[in-house]
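To start, the structure under review is shown below, and the notes come after it.
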Amino acid sequence: MGDYRELWSNLGMDLDKHDILCEALPEAFGSIYLTQENRPENMNYFNYALAEVHGARIEEINEAKANGKKVVGTFCVFVPDEVILAAGAVGVGLCSGSQFWIEDGEKVLPRNLCPLIKAFVGAKVSRTCPYFQSSDMIVGETTCDGKKKAYEIVEEYMPVHVMELPQMKREKNYEQWKDEIKLFISRMEELTGNKVTVENLKKAIDLVNRKRRALKRLYDLRKNTPSPISGLDALLVTQVAFLDDIERFIENTNALCDELEERVKNLEPTGKKRIMITGTPMAVPNWKLHSIVEGLDAEIVVEETCTGTRYFEGEVSTEGDTIDDLLKNLADRYMNINCACFTPNNDRTEDIIKYAEEYNVDGVIYYNLSFCHTYAIEYKKVENALAEKSIPLLNIETDYSEEDSGQIKTRVEAFLEMIGSGEKLHTVS
Amino acid sequence: MYYVGIDIGSTASKVSVFDDQELIFNIVMPTGWNSVDTSNKIKEELDKNKIDLENAKVVATGYGRISVPYADKTITEITCHGKGAYYLAGKDMMTVVDIGGQDTKIINIENGRVTNFLMNDKCAAGTGRFLELMANTLGVTLEEMSYMALKGEDLNITSMCTVFAESEVISLIGSGAKREDIARGVINSIIGRITTLLNKQGIRGDVYLTGGLCELASFIQLLSEKIDRKVNTSSLARYAGSIGGALLAKNI
Ligand code: SF4
Ligand code: SF4
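Chains as they are written, first to last, in numbering that gives the first Met the number 0: chain Z, 0 to 428; chain Y, 0 to 251.
So, in structure tokens, the structure goes:
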């Protein structure tokens with residue numbers, strides 16, 4: 000990584016503290032990622048993107064800022080990137096996947112809160128996330144109670160716009176979300192001084208759809224047995240998607256897919272168990288569960304999470320000639336995301352069962368960040384539904400710390416042994 | 000050929016050896032601080048018993064399973080306990096309760112195969128370690144405490160956390176509560192935890208207790224009363240993990 004100290008210092012970052020983070024990251028990345036065998040050539044781009052996550056990309060974003068662009072940070076896949084792009088701003092999905100920020104987060108938040116929330120607040124409070132520091136505004140949403148209230152704290156540090164996400168999916172809720180997107184457009188227009196038009200909104204929709212398509216293509220390739228790419232690598236690609244320049248991301252993801260398409264032509268069976276992850280998001284650099292699972296005789300072939308299918312499934316239609324038409328298209332696409340914040344949320348269970356078949360999985364691991372109540376409660380429904388289909392399921396509730404890695408490894412190992420014992424399995428509830 | 004199962008638990012290490020016909024012996028020893036030392040000691044014991052490792056298949060299990068350099072394979076304690084309990088009880092459908100030093104496991108098994116499991120390993124509450132600590136605080140052995148409990152009246156120990164429970168017990172002693180009652184309270188608190196886990200996981204078939212508490216008759220009696228079912232076990236049940244490991248060594 001080049002020397003970015005001046006840039007960081009201009010962003011008002013706490014350099015000494017940030018140095019600690021910068022030291023730890025390459026080490027973790029090296030031991031988890033670079034030790035994998037037989038990685039696709041084209042992962043090099045994503046290695047580079049990660050290595051430069053606090054460097055070149057920040058420089059690029061700040062160049063855009065110098066040219067008058069605004070930067071907007073988001074935390075949830077419900078916030079429509081299309082609006083940010085149409086208003087001529089840069090959108091970044093903030094990471095908050097590191098234990099590093101927890102301590103600072105706990106200075107201002109209760110301890111018994113989801114680590115994702117503690118980390119993003121900690122990152123802001125400690126001034127160690129260059130994306131946060133580069134952002135002109137943060138867009139929050141009323142998804143879970145923890146996030147909803149945490150934005151009030153972040154607001155003391157920087158401008159925040161909160162979108163009110165409905166909690167149900169009735170007709171009127173679609174209308175509500177459409178209205179919220181409309182309000183978001185006004186706020187973005189105010190921030191950037193640019194007008195959102197049918198033309199630029201259509202262009203933005205098209206761009207984001209192409210990004211979704213690239214990711215979908217990658218995931219479709221993982222349906223092969225064995226998968227031509229490790230779960231760790233695929234997760235990295237998705238994580239980079241939240242931060243990277245979109246055109247460049249699409250190009251490199253497609254190049255990766257071209258390579259993988261060649262690969263699948265002569266893959267030898269490995270006998271590895273095929274695992275689906277379902278549950279809460281895994282933000283950079285949260286590679287904990289993937290590295291445990293893939294350190295054993297298994298491969299992760301799909302993530303039904305917000306750093307997985309929920310991020311890219313379903314495109315936004317570009318049909319229509321008015322802003323109102325496009326708003327409706329946006330609302331329809333986004334309201335189709337099946338997050339546990341909604342009640343009821345039965346479609347998520349159906350998605351899991353559908354993916355289990357499509358990706359030909361041997362078992363499902365339910366990944367629950369500690370203190371995420373909505374997903375934790377929804378476990379029971381998923382458990383019952385999967386038991387009915389005889390799909391083995393393991394529940395892992397954890398945070399970002401490494402303390403419980405040994406125990407998680409034992410559980411996953413036992414789970415794989417259980418799947419491996421062959422006979423028809425069923426779970427008991 | 001010999002088949003050796005080595006179960007390095009957090010408190011005790013167990014070894015079981017089969018020849019081509021049957022189980023020939025078991026050994027138990029404290030794990031101590033260092034599981035590598037323990038695995039060396041086990042090797043000496045095997046030597047003494049004339050088990051030549053050249054002529055043996057070894058499976059290591061338990062939380063120290065990776066510290067046995069001469070093992071041919073490592074298998075988790077969950078799979079091994081399931082297999083071992085099936086060998087000992089021979090029931091098609093059973094629910095194994097394994098109370099270890101550091102964790103408690105509920106394992107559903109069908110014909111010796113694990114169909115589901117639940118592990119409580121986040122804290123010491125509900126584990127063997129909890130009971131040991133409380134017995135220490137009362138100044139008695141585990142056996143004595145469990146025997147005392149039978150004669151006591153229930154007394155509510157409210158703290159789930161081992162550290163708080165310990166100070167609670169100390170202040171109960173200070174306030175002159177009967178030690179039998181305190182013992183009963185301690186045992187009931189762990190039984191409560193186990194019952195919660197059992198209900199969460201679902202009991203299918205016979206309940207079978209494995210682990211170091213398998214010979215505490217009074218504990219077993221109180222547990223059966225609470226869950227209103229017979230709790231089966233045997234004096235060999237503390238070796239369920241190593242027996243299962245040895246049996247699985249036959250497949251290598
Ligand atoms: S899990 Fe729900 S709240 Fe969290 S990022 Fe995903 S959609 Fe948003
Ligand atoms: S993981 Fe759960 S608790 Fe955490 S931010 Fe997302 S919805 Fe909220």
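Glycine included, each C-beta is placed from N, C-alpha and C at the ideal position.
Considering only residues of the same chain and omitting the five flanking positions on each side of residue i, which have a CB-CB separation below 7 Å?
i       : result
E214(Y) : S234
E422(Z) : Model confidence at E422(Z) stands at a pLDDT of 42, short of 50, so the residue's coordinates are unreliable; what they give is reported in the following sentence. For E422(Z), where only same-chain residues beyond five positions count, there are no Cβ hits under 7 Å.
I336(Z) : V76, F77 and R309
N43(Z)  : none
E109(Y) : D91 and M92
I23(Y)  : V16 and F17
T348(Z) : K380, V381 and A384
Can you list, in chain order, the residues of its chain with a C-beta nearer than 8 Å to that of residue i? Leave out the 5 residues immediately preceding and following it.
i       : result
A11(Y)  : V27, M28, P29, T30, G100, G211 and R237
V427(Z) : Legend: pLDDT at V427(Z) = 36, less than 50; position of this residue unreliable, no value from coordinates given.
L197(Y) : T94, V96, I105, V206 and I226
L424(Z) : Caution applies to L424(Z), whose pLDDT of 40 falls short of 50 and renders its modelled position unreliable; the value that the coordinates give is listed next. Cβ neighbours of L424(Z) beyond the five flanking positions: S389, P391, M417 and I418.
D18(Z)  : none
S125(Z) : D13, K16, W100 and D103
N223(Z) : V263 and L266
Using a Cβ-Cβ cut-off of 6 Å (strictly less than) and excluding sequence neighbours within five positions of residue i, which residues of its own chain qualify?
i       : result
N253(Z) : A213
Y146(Y) : S217
E302(Z) : I276
R228(Y) : V206
N328(Z) : V315 and S316
D232(Z) : M42
I74(Y)  : V58, T60 and L247
Run through the DSSP bridge pairs and tell me what residue i is partnered with.
i       : result
P29(Y)  : A11(Y)
L24(Z)  : Answer is none; L24(Z) lacks a bridge partner.
E81(Z)  : The partner list for E81(Z) (beta bridge, DSSP) is empty, contrary to what the question assumes.
T103(Y) : I98(Y) and N119(Y)
M133(Y) : Per DSSP, none; premise fails for M133(Y).
K72(Y)  : V58(Y)
E109(Y) : M92(Y) and R112(Y)
G4(Y)   : S15(Y) and V58(Y)
V279(Y) : Only positions 0 to 251 of chain Y appear in this structure, which leaves residue 279(Y) out of reach.
F24(Y)  : V16(Y)
M162(Z) : E140(Z)
Please report the residue range of the beta strand (DSSP E) in which residue i lies.
i       : result
A297(Z) : A297 to E303
A253(Y) : Residue coverage of chain Y in this structure runs from 0 to 251, which leaves residue 253(Y) outside it and unanswerable.
F116(Y) : R112 to N119
E154(Z) : That residue, E154(Z), is in no beta strand (DSSP E); it is neither H nor E in DSSP.
G139(Z) : M136 to E140
G210(Y) : D205 to G210
I50(Y)  : First-last for I50(Y): undefined, no H or E at that position.
N394(Z) : L392 to T397
G90(Z)  : V89 to G92
Between which two residues does the alpha helix (DSSP H) containing residue i stretch?
i       : result
A55(Y)  : First-last for A55(Y): A55 to T60, but that is the beta strand (DSSP E), not the alpha helix (DSSP H).
G362(Z) : That residue, G362(Z), is in no alpha helix (DSSP H); its beta strand (DSSP E) goes G362 to L368.
T409(Z) : S404 to G419
D219(Z) : V197 to L220
G241(Z) : Sequence inspection shows Phe at residue 241(Z); the Gly mentioned does not correspond to that position. From DSSP, F241(Z) is part of no alpha helix (DSSP H); its letter is neither H nor E.
W100(Z) : Per DSSP, W100(Z) belongs to no alpha helix (DSSP H) and is neither H nor E.
V120(Z) : P114 to V124
A177(Z) : First, the amino acid is wrong: residue 177(Z) is Lys here, not Ala. E170 to T191 is the extent of the alpha helix (DSSP H) around K177(Z).
R4(Z)   : R4 to N9
E349(Z) : N345 to E357
C236(Y) : Looking at the sequence shown, residue 236(Y) is not Cys but Ala. Premise fails: A236(Y) is in no alpha helix (DSSP H) and is neither H nor E.
Handout entry: Three-pair Cβ contact test at 8 Å for the stretch 104-114 of chain Y versus the stretch 127-143 of chain Y
Key = no
Handout entry: Sufficient close CB pairs (3 or more, under 8 Å) joining the stretch 81-90 of chain Z to the stretch 175-189 of chain Z
Key = yes
Practice task
Residues of the stretch 71-87 of chain Y with a CB closer than 7 Å to any CB of chain A: list them in chain order, please.
Solution key: No chain A appears in this structure, whose protein chains are Z and Y.
Practice task
Go through the stretch 251-309 of chain Z residue by residue and report every complete run of the beta strand (DSSP E) that reaches 3 residues or more, in order.
Solution key: 272-278 and 297-303
Practice task
Answer yes if the stretch 370-380 of chain Z comes into contact with the stretch 28-47 of chain Y, meaning at least three C-beta pairs across the two stretches below 8 Å, and no otherwise.
Solution key: no
Problem - Length-filtered (4 minimum) alpha helix (DSSP H) runs lying within the stretch 26-75 of chain Z - result: 42-50 and 55-65
Problem - the stretch 53-60 of chain Y contacting the stretch 69-77 of chain Y, beta-carbon criterion three pairs below 8 Å - result: yes
Practice task
Tell me, please, whether the stretch 175-189 of chain Y touches the stretch 146-163 of chain Y by the rule of three or more beta-carbon pairs shorter than 8 Å.
Solution key: yes
Exercise for the section: Say whether the stretch 287-299 of chain Z touches the stretch 134-144 of chain Z, bearing in mind that this needs 3 or more beta-carbon pairs closer than 8 Å, one atom from each stretch. Expected result: no
Exercise for the section: Report yes or no: do the stretch 168-180 of chain Z and the stretch 147-154 of chain Z share at least 3 C-beta pairs separated by less than 8 Å? Expected result: no
Exercise for the section: For the stretch 89-97 of chain Z and the stretch 57-70 of chain Z, state whether three or more C-beta atom pairs, one from each stretch, are separated by less than 8 Å. Expected result: yes
Practice task
Pair every Cβ in the stretch 194-213 of chain Z with every Cβ in the stretch 103-114 of chain Z, then say whether three or more of these pairs are closer than 8 Å.
Solution key: no
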